[in-house]
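When you line the sequence shown up against the working numbering, it's residues -13 to 109, in that order.
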Amino acid sequence: MSEAPKISDAEWEVMKVVWDHAPMTATEVLELLPHDQWKQKTVNTFLARLEAKGVVDSHREGRANVYRPLLSESECRRMEGSHFLSKVFRGKVAPMMLHFIENEDLSDGELQELRAILERKGK
């Protein structure tokens, strides 16, 4: 894909459900979202937007559209991460990592994982 689709925070919430449970209808998506925050019309709108952006595809089954992802969660995460890195940290990885390491609580396991990744990258 030449240009990464811009996925809003709310669209990410819809996509998490689709990635975890596809193929599924818009009604099924709504059933797995917090009911106090979502309406069927809103879910339908977001799925239509995601389809227009090339993130999901749909086909008709009876009276409902059935949706499936065209891009994986890791593909979207990678594109979003690159955009975030460029926008917030001017494309520099080290300042971003330092920011999160210094400002977030990390478990011993997460710290060990980071050390192992940095060791592998250093070789």
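Glycine is no exception: its CB is placed at the ideal position from the N, C-alpha and C atoms.
Fair warning: this is a prediction, and the values are worked out from it, not measured in the lab.
- [ ] Look up residue 42 in the DSSP assignment and give the residues it is bridged to.
- [x] To locate residue 42, count along the sequence shown from 1; it is residue 56. Looking at the DSSP assignment, residue 42 forms a beta bridge with 55.
- [ ] Return the first residue and the last residue of the alpha helix (DSSP H) that residue 108 is part of.
- [x] Counting from one through the sequence shown, the residue named residue 108 turns up at place 122. In the DSSP annotation of this structure, the continuous segment of the alpha helix (DSSP H) that includes residue 108 starts and ends at 94 to 108.
Task: CA-to-CA distance, residue 11 to residue -5, given in whole angstroms - done: Start at 1 with the first residue of the sequence shown, and residue -5 comes out as number 9. Start at 1 with the first residue of the sequence shown, and residue 11 comes out as number 25. Distance between the alpha carbons of residue -5 and residue 11: 20 Å.
Task: CA-to-CA distance, residue 39 to residue -12, given in whole angstroms - done: Here residue -12 refers to the residue found at position 2 of the sequence shown. Here residue 39 refers to the residue found at position 53 of the sequence shown. Because the pLDDT of residue -12 is 49, which lies under 50, any placement of that residue in the model is unreliable, and the number read from its coordinates should be weighed accordingly. Roughly 12 Å between the two C-alpha positions.
- [ ] Since I believe residue 55 is in contact with residue 8 (beta carbons under 8 Å), could you give me their beta-carbon distance rounded to a whole number of angstroms?
- [x] Your numbering for residue 8 matches position 22 in the sequence shown. Your numbering for residue 55 matches position 69 in the sequence shown. Confirmed, Cβ separation roughly 6 Å.
Task: Test item: CB-CB of residue 24 and residue 36 under 8 Å - done: Along the sequence shown, one-based indexing puts residue 24 at 38. Along the sequence shown, one-based indexing puts residue 36 at 50. Note that the C-beta distance between residue 24 and residue 36 is not below 8 Å.
Task: Three-state secondary structure assigned by DSSP to residue 50 - done: As a first step, residue 50 is located in the sequence shown; it is residue number 64 there, counting from the start. Strand at residue 50.
Open item on the list: Within 10 Å of its beta-carbon, does residue 84 have 16 or more other beta-carbons around it, so buried, or fewer, so exposed?
Closed with: Taking the first residue of the sequence shown as position 1, residue 84 is located at position 98. It is exposed - the Cβ of residue 84 has fewer than 16 other Cβ atoms within 10 Å.
Open item on the list: Please tell me whether residue 19 and residue 4 are closer than 8 Å, where the distance is taken between their beta carbons.
Closed with: Numbered from 1 along the sequence shown, position 33 holds the residue referred to as residue 19. Numbered from 1 along the sequence shown, position 18 holds the residue referred to as residue 4. Taking 8 Å as the cut-off, the Cβ atoms of residue 19 and residue 4 do not count as close.
Task: With 16 other Cβ atoms within 10 Å as the buried cut-off, status of residue 86 - done: Indexing the sequence shown from 1 puts residue 86 at position 100. Answer is exposed; the Cβ neighbour count stays below 16.
TODO: Tell me where the alpha helix (DSSP H) around residue 12 begins and ends.
DONE: Reading the sequence shown from its first residue, position 26 is the one you call residue 12. Note, residue 12: alpha helix (DSSP H), 12 to 17.
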